[in-house]
Amino acid sequence: MASKHFQCTRCGRCCRASIPLGLAEALDHDESFLLALVFSMETWNLDDFAANRPVLPITHEDLFTTLAFRKDKLAMDASRDLVFRVGRAPSGTQRLATFVTVGAAALGDFHAGQARCPSLAPDDTCSIYDRRPLGCRVFPLDPLFPEMLQHVPLAGLETRLPCDFSPQAPEIWREGSLTDPEALALLARRQETIRRDSLFLPYYRVAAEAFRPMPTLPEILKSLGGNGRLDLPFAPALVYLTAAGAISPERAERCLERQTALARKAVEQALARKDKAERARTAVLRNCLSLMESFTGRIAQAADTAPKG
Ligand code: SF4
Ligand code: SF4
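Laid out in structure tokens, this is it:
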């Protein structure tokens, strides 16, 4: 079986999209990153792989290994029905598997029509390299794939990013195993974060009801269709973390204040740029800002009425 090689040349190209974060981890960066609560849904067509992501050829056996892994890692909890579901398409001819995941993301700043991580320095190096998020550390590995299938997402990146994937770069994966124990440990940590955050799904109704008009979970799932991603204000995650005892109500309120200030600044900067291409994004940011302002001072009260996690 082929091996995979990888070396980061610090070009900064992968630092121009939103950064995936764990719900609790997000608070470590709430002063510098504008956070979103992210729902994503991914549907796999089990009978027609050409219709699926990843676009790389993948065997039936490979795909079922992936599904078994995800089922095992993501669905062994109360959120089982939401996280993983297998059924037939409405036409009844194709078998589909759907995964729903929830987590946080750090949204990029906008500069000259391009998204950019706020921690990316002008020379395209990471200004917080030693304390960068776990999602950055684990890259280019994909936590939604098991160790034995990491060659699939790696091969997808080879065609898209200018990292060094040549045989001269250090070997990262061979015959179903990661060759670097540190990379394996990071992958396991990120996978555990995703599994733990999936516990938030059945809780979402409790947290969102305190903050009308946050959408209900059925509304979110409907808007995602079969595939997609929805970014919402982070406040329901703060209620969840507070009720679960992971953070204090004071810390949650401080996070919301910081986030509101960052959102206000992002809206002001976007309006000053007067870039038509940003209009839709700015409208979303303004909506988020007004929701966040209405949530301020209400986290502790919402967490008090919620069942303790
Ligand atoms: S935190 Fe650093 S490594 Fe991560 S996306 Fe931002 S600049 Fe890149
Ligand atoms: S795109 Fe590749 S080489 Fe460039 S910073 Fe990201 S991981 Fe490193």
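When the letters of the sequence shown are read in order and numbered with UniProt numbering, they come out as residues 1 to 309.
All C-beta atoms, glycine included, are put in the ideal place defined by N, C-alpha and C.
**OP:** May I ask whether a heavy atom of ligand 1 can be found less than 8 Å away from the beta carbon of CYS15?
**Re:** Relative to ligand 1, the nearest heavy atom lies less than 8 Å away from the CB of CYS15.
Original post:
Do you know how far the Cα of ALA207 is from the Cα of PRO233?
Top reply: A straight line joining the alpha-carbon of PRO233 with that of ALA207 spans about 12 Å.
**OP:** Measure the Cβ-Cβ separation of VAL138 and LEU186 and say whether it is below 9 Å.
**Re:** Result yes, Cβ atoms of VAL138 and LEU186 sit closer than 9 Å.
Subject >> Exposure label - PRO140; buried when at least 16 CB within 10 Å >> reply: So PRO140 counts as buried.
Subject >> Beta bridge counterpart(s) of LYS4 as assigned by DSSP >> reply: Partner(s): TRP173.
Original post:
Short check: CB of ILE172 to CB of LYS274, under 9 Å?
Top reply: The beta carbons of ILE172 and LYS274 sit no closer together than 9 Å.
Original post:
Taking all protein chains shown into account, do 16 or more other C-beta atoms lie within 10 angstroms of the C-beta of CYS8, making it buried, or fewer, making it exposed?
Top reply: That one is exposed.
Original post:
Looking at CYS11 and ligand 1, is the gap between the Cβ and the nearest heavy atom below 8 Å?
Top reply: No, the Cβ of CYS11 stays beyond 8 Å of every heavy atom of ligand 1.
Original post:
In the structure shown, what three-state DSSP assignment does LEU23 receive?
Top reply: The answer is coil: DSSP assigns LEU23 none of H, G, I, E or B.
**OP:** Specify, as a first and last residue, the run of the alpha helix (DSSP H) that GLU278 falls within.
**Re:** GLU278 -> no alpha helix (DSSP H), and no H or E assigned at all.
Original post:
Where do the ends of the alpha helix (DSSP H) carrying THR242 lie?
Top reply: Per DSSP, THR242 is one residue of the alpha helix (DSSP H) stretching across 235-243.
Subject >> SER40 - partner residues in DSSP beta bridges >> reply: Beta-bridge pairing links SER40 to THR101, ARG229.
Original post:
If THR260 sits next to MET292, beta carbons under 8 Å apart, how far is it from one beta carbon to the other, in whole angstroms?
Top reply: For a cut-off of 8 Å, the C-beta gap from THR260 to MET292 is around 5 Å, short enough to register as a contact.
Original post:
In its own chain, which residues sit with a C-beta less than 6 Å from the C-beta of THR43, not counting the 5 before and 5 after it?
Top reply: For THR43, where only same-chain residues beyond five positions count, the Cβ hits under 6 Å are LEU96, THR98, GLY226, ASN227.
Original post:
What three-state label does DSSP hand ARG196 in the structure shown?
Top reply: Here ARG196 carries a helix assignment [DSSP, helix/strand/coil].
Original post:
How many angstroms separate the CA atom of ARG264 from the CA atom of LEU221?
Top reply: Looking at the two C-alpha atoms, the distance is approximately 28 Å.
Original post:
With a CB to CB cut of under 7 Å and the five nearest residues on each side skipped, what residues in its chain are close to THR179?
Top reply: In its chain, beyond the 5 residues on either side, GLU171, ILE172, TRP173 have a beta carbon closer than 7 Å to the beta carbon of THR179.
**OP:** For LEU134, name the three-state secondary structure that DSSP assigns.
**Re:** Judged by DSSP in its simplified three-state form, LEU134 adopts helix.
**OP:** Report whether the distance from the Cβ of PRO162 to the nearest heavy atom of ligand 2 is below 8 Å.
**Re:** PRO162 has its Cβ nearer than 8 Å to a heavy atom of ligand 2.
Subject >> Among PRO218, ASN45, TYR240, GLU61, nearest to PRO90 - alpha-carbon criterion >> reply: Closest by alpha carbon: ASN45.
**OP:** Could you check what DSSP says for GLY87 in three-state terms: helix, strand or coil?
**Re:** Look at GLY87 here: in three-state DSSP terms it is strand.
Original post:
CB of PRO140 to nearest heavy atom of ligand 2: below 8 Å?
Top reply: Between ligand 2 and PRO140, a heavy atom-to-CB distance of less than 8 Å is present.
Original post:
What are the start and end residues of the alpha helix (DSSP H) that includes GLN301?
Top reply: It spans 299-304 - the alpha helix (DSSP H) in which GLN301 sits, taken as one unbroken run.
Original post:
For LEU144, which three-state DSSP category applies?
Top reply: Three-state result, LEU144: coil.
Original post:
Just to check, is the beta-carbon of CYS136 closer than 8 Å to a non-hydrogen atom of ligand 1?
Top reply: Taking 8 Å as the cut-off, one finds at least one heavy atom of ligand 1 near enough to the beta carbon of CYS136.
**OP:** Report the rounded CA-to-CA distance for MET148 versus ARG160, giving the unit in angstroms.
**Re:** C-alpha of MET148 to C-alpha of ARG160: approximately 22 Å in a straight line.
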